[in-house]
Every structure is written in C-alpha cells, then in structure tokens.
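J.: For the sequence shown, counting from 1, position 133 maps to 133 in full-length UniProt numbering; every step adds exactly one. All residues carry an ideal CB built from backbone N, CA and C; glycine is no exception. If you're wondering where the values come from, they're calculated on a predicted model, not measured in any experiment.
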Amino acid sequence: MWLSFRNKDKKVFSPKGIDLERLPRHIAIIMDGNGRWAKKRGLPRTMGHRAGVEAIREVVKTCSNLGVEVLTVYAFSTENWRRPKDEVGILMRLLTEYLRAELNELHGNNVKIMTMGDLTLLPLEAQKELSRATKQTEHNTGLILNLALNYGGRAEVTRALRILGEEIQQGKLAPEEINEERISSSLFTVGLPDPDLLIRTSGEMRLSNFMLWQLAYTEIVITEQLWPDFTPETLLDAIKTYQLRERRFGGINKE
Ligand code: IPE
Ligand code: IPE
Ligand code: MG
Numbered sequence: 001m002w003l004s005f006r007n008k009d010k011k012v013f014s015p016k017g018i019d020l021e022r023l024p025r026h027i028a029i030i031m032d033g034n035g036r037w038a039k040k041r042g043l044p045r046t047m048g049h050r051a052g053v054e055a056i057r058e059v060v061k062t063c064s065n066l067g068v069e070v071l072t073v074y075a076f077s078t079e080n081w082r083r084p085k086d087e088v089g090i091l092m093r094l095l096t097e098y099l100r101a102e103l104n105e106l107h108g109n110n111v112k113i114m115t116m117g118d119l120t121l122l123p124l125e126a127q128k129e130l131s132r133a134t135k136q137t138e139h140n141t142g143l144i145l146n147l148a149l150n151y152g153g154r155a156e157v158t159r160a161l162r163i164l165g166e167e168i169q170q171g172k173l174a175p176e177e178i179n180e181e182r183i184s185s186s187l188f189t190v191g192l193p194d195p196d197l198l199i200r201t202s203g204e205m206r207l208s209n210f211m212l213w214q215l216a217y218t219e220i221v222i223t224e225q226l227w228p229d230f231t232p233e234t235l236l237d238a239i240k241t242y243q244l245r246e247r248r249f250g251g252i253n254k255e
C-alpha cells in the first residue's frame, strides 16, 4: 500500500505546509512538454513520452496519498491525431503498457479509473485494457483517476447538445428545461466536481481545447517545468499556490 499523509487517528502530516483540509477536490493537468524534454537531450520524441509516463505514476500516487478526490490528466486530444502516425502509435502503446503494468497496484490502492473522450477511435488493444481497468476498479472509493483520451472540449459540448437534442425530439425534454445542471450532466464528467486547480506544464498559456465548460472558475497554475521533469514536489508547490489564491466566483472579498 502507498503511504498516506493521514494516519489512523485522522491526524495529518502537512507536507510543505499544505492545509490538507483545504485541498483542491479535483486537479486537472495538461501534461505538456514531452517532445521538448526529449529534444533537449537529443532523443526521439517518443523517449519523452516514455519519461512522461513515469511522471504520471508519481503524481497519481501523491494525489492518492493526499486524499485528492479526482485527478484528470489530458493524455491525448482530438487534435493530437494530426501528429505523425508513428508518434500516435507510440502514445497508444504507452497507454496500453501503462494500464497493464499499473492496474493491480492502482486497484490495490483503491483508485477508480475513469475515462473521458470518444474511445471508439482508439486501437482495440487500448480499448480492451481501458474497459478492463474501468470495470475492475468501478467500485473503488479512493482517488478517481480520469484519463482524457481522444478528448476535446468542443467535441464534448457537441456530444452533449446531441444528447439533449435527441431527448427533445423524443418529447422527453422541453427546450426551456435545459439549464446548466442538465448540460453538466450531459458531459463526460457527469457526477464529478469541476476542477478546482488546473496545472499546465512547459510554460504554455493556453487551454488547447481542454474542459472548456468545466474550467469556468478553475484556478490556473502554469509551471515552466517540462512534463517528464514534473515531480510530487512540483505538485505540492502548485497546491500551495492554489491555497494562497482567493476564489471569488464573481462575488466580493469577505472582510
Ligand atoms: C505532451 O507533450 C504529450 C501529449 C500531447 C500527448 P508534447 O508531445 O506535446 O510535447 P511538446 O509540447 O512537443 O514539447
Ligand atoms: C495538449 O497539448 C494536449 C495534451 C496534453 C494531451 P498539445 O501539445 O497537444 O497542445 P498544443 O498543440 O501545444 O496547443
Ligand atoms: Mg505539446
């Protein structure tokens, strides 16, 4: 079992002065910079992706140990199909390998694996491993590890509109019954809280079509570190930054 930051008496060990009572419930990460990491070392981009998987392992473990409820990682976007076929192939193979290697340990640590995105376009091997992983862990009550695969925010909203459109066509829904809750529950993230903290690595200041609806009031932390260099330490720094922010949600400061 992984080490926990809380002991049996619910006493907490605060790593880095982090307040464990005020953790982000949902952390979303745009894992970027694998290619640049490899280039800096004169390696092929694929080696960067391999190194990136190691970073994921550590971050998942840290989130689980802290008691974060949901960790969403952007692993493959609807636009990433534009990359060379070989690179796409390696990314898919790494996904399959990751699941094969990690499933038992994740399951043993009560992690629940979920996905968002249209999986039907992934290679069959990957689909099989994903379905095994989600089924095996579906009743787990610990960290939810949400993998964004062939995911795009616009595709997700488009899909939601189709779902609602069909309900209207079948007479199950009136247009005036469409509200924010209904839209939220037609997204892949149904039932999950919106991300409190979004982290993007490698210094890029854009969303790249990630969780466009859900990020409306998310705190954003951009780090210059390239994804394979991202460590639990970096994650704790980002959480600390998050805890110093004042979230107003359009309101005003409480004096
Ligand atoms: C992120 O690293 C991994 C994926 C998008 C799957 P990149 O491959 O985008 O790395 P850079 O941005 O080219 O450095
Ligand atoms: C975003 O990174 C997608 C993932 C991390 C999976 P990209 O590297 O694809 O984003 P852009 O192209 O730089 O915006
Ligand atoms: Mg990139």
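1. Going straight from the alpha carbon of A238 to that of D118, what length do you get?
2. What are the boundary residues of the alpha helix (DSSP H) that H49 is part of?
3. Leaving aside the five residues before and after I220 along the sequence, list all residues of the same chain whose C-beta is less than 7 Å from its C-beta, in chain order.
4. Would the beta-carbon of residue 288 fall within 8 Å of that of V73?
5. In terms of residues, what are the limits of the alpha helix (DSSP H) holding Y242?
6. Enumerated in chain order, which unbroken segments of the alpha helix (DSSP H) with a length of 4 residues or greater are wholly contained in the segment 127–213?
7. Let's test the definition: count the other Cβ atoms within 10 Å of the Cβ of S102 and tell me whether it reaches 16, buried, or not, exposed.
8. Is there contact between the segment 164–172 and the segment 147–154, where contact requires at least three CB pairs shorter than 8 Å?
9. Report the three-state DSSP secondary structure of L91 (helix, strand or coil).
10. Apart from the five residues on each side of it in sequence, which residues of its chain come closer than 8 Å, Cβ to Cβ, to M47?
11. Using DSSP with H/G/I as helix, E/B as strand and the rest coil, what is Y74?
12. So, for A126: in the same chain, excluding its five sequence neighbours on each side, which residues have a beta-carbon less than 7 Å away from its beta-carbon?
13. Would you please state the rounded distance, in angstroms, between the beta carbons of L3 and N65? I believe it to be under 8 Å.
14. Given 8 Å as the limit, is there contact between the segment 156–169 and the segment 132–140, that is, 3 or more CB pairs closer than that?
15. If you count every other CB in all the chains shown that lies within 10 Å of the CB of Y242, and 16 or more means buried, which is it?
16. So, do the segment 217–231 and the segment 52–72 have three or more beta carbon pairs nearer to each other than 8 Å?
17. Cα-Cα, which of E69, L215, E156, P24 is closest to S186?
18. Considering only heavy atoms of ligand 1, does any lie closer than 7 Å to the CB of L91?
19. DSSP state of T115, grouped into three classes?
T.: On the basis of the data shown:
1. For this step, residue 238 is matched to residue 238 along the sequence shown. For this step, residue 118 is matched to residue 118 along the sequence shown. So the alpha carbons of these two residues sit roughly 30 Å apart.
2. Locating residue 49 in the sequence shown gives position 49, where the first residue counts as 1. Counting along the chain, the alpha helix (DSSP H) containing H49 begins and ends at 45–66.
3. To locate residue 220, count along the sequence shown from 1; it is residue 220. Around I220: L198.
4. In the structure displayed, the chain extends from 1 to 255; residue 288 sits before or after that span and is not available.
5. Looking up residue 242 in the sequence shown gives position 242. Here the alpha helix (DSSP H) through Y242 covers 232–244.
6. Qualifying alpha helix (DSSP H) stretches, in chain order: 153–169, 180–184.
7. In the sequence shown, the residue the question calls residue 102 occupies position 102. Note that residue 102 corresponds to Glu in the displayed sequence, not to Ser. It is buried - the Cβ of E102 has at least 16 other Cβ atoms within 10 Å.
8. Touching, no.
9. Within the sequence shown, numbered from 1, the residue matching residue 91 stands at position 91. Helix at L91.
10. By one-based count along the sequence shown, residue 47 stands at place 47. Closer than 8 Å at Cβ, skipping near neighbours: A38, R41.
11. In the sequence shown, counting from the first residue as 1, residue 74 sits at position 74. Correct three-state label for Y74: strand.
12. On the sequence shown, residue 126 is found 126 positions in, with the first residue counted as 1. Answer for A126: M92, L95, T96, listed in chain order.
13. As a working note, residue 3 is residue 3 in the sequence shown. As a working note, residue 65 is residue 65 in the sequence shown. With 8 Å as the limit, L3 and N65 qualify as a contact, their Cβ atoms being about 6 Å apart.
14. no
15. On the sequence shown, residue 242 is found 242 positions in, with the first residue counted as 1. Buried, since its Cβ has 16 or more Cβ neighbours within 10 Å.
16. yes
17. By one-based count along the sequence shown, residue 186 stands at place 186. Ranking the options by Cα distance to S186, first place goes to E156.
18. Position 91 of the sequence shown, counting from 1, holds the residue named residue 91. Within the cutoff, so yes.
19. Indexing the sequence shown from 1 puts residue 115 at position 115. In this structure, T115 counts as strand in the three-state DSSP scheme.
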